[in-house]
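So for the sequence shown, my numbering puts the first residue at 1; every next one is plus one. All C-beta atoms, glycine included, are put in the ideal place defined by N, C-alpha and C. Right, one structure below, let's go through it.
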Amino acid sequence: MALAPSPQIPASRPEIIQSLIDGVDRYNPDNVSILEEYLTTQLQNEEYDLMANLAILKLYQFNPHLVNEQVIINILVKALTAIPNPDFNLCLYLLHENTVFIYFLIELNLFTVT
């Protein structure tokens, strides 16, 4: 039996985040900072919002100049907390293959970020 992604809407999700996720503004690159701030809130309050985090990764996919590596790492760590749900894999699928490969090399200490 396959597990479904964790679709729960956190009770603490702000209305502005809900409207971004539900509307066409989800793909507006001007909103990436709002979503990144919400990720910071998730980290501080030990909350998790898969849909908001996927929206960040989708914005990065369409706008590579906006990519923030630390945000990607934080999203992947949060997704790991949802195991056994497939959230981590969903996040990986939105990353460019070169990004995933670089993180793999960093983990193996074969590559350093300067």
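Is residue i helix, strand or coil when you go by DSSP?
i: Ala52; result: helix
i: Gln8; result: coil
i: Ile83; result: coil
i: Arg13; result: coil
i: Val67; result: coil
Let's test the definition: count the other Cβ atoms within 10 Å of the Cβ of residue i and tell me whether it reaches 16, buried, or not, exposed.
i: Tyr38; result: buried
i: Gln42; result: buried
i: Asn115; result: The structure shown does not extend to residue 115, since the chain is modelled only from 1 through 114, so no value can be given for it.
Please report the Cβ distance between residue i and residue j, rounded to the nearest whole angstrom; I am assuming they are in contact, meaning their Cβ atoms lie under 8 Å.
i: Ala55; j: Ile21; result: 6 Å
i: Leu94; j: Leu57; result: 4 Å
i: Glu47; j: Ser12; result: 6 Å
i: Asn68; j: Glu36; result: 7 Å
i: Leu50; j: Val32; result: Contact flag wrong, Cβ pair sits at about 17 Å.
i: Pro29; j: Asn63; result: 5 Å
Among the residues of its own chain, which have a CB less than 7 Å from the CB of residue i, if the five just before and after it don't count?
i: Asn74; result: Leu39, Leu43
i: Gln61; result: Leu94
i: Val71; result: Glu36, Leu39, Ile56
Whose C-beta lies closer than 6 Å to the C-beta of residue i among residues of the same chain, with five residues either side of it excluded?
i: Ile9; result: none
Which residues in the same chain as residue i place their Cβ atom closer than 8 Å to its Cβ, once the five residues preceding and following it in sequence are excluded?
i: Cys91; result: Asn53, Leu54, Leu57, Ile75, Leu76, Ala79
i: Phe88; result: Leu76, Ala79, Leu80, Ala82
i: Asp25; result: Ser19, Asn31
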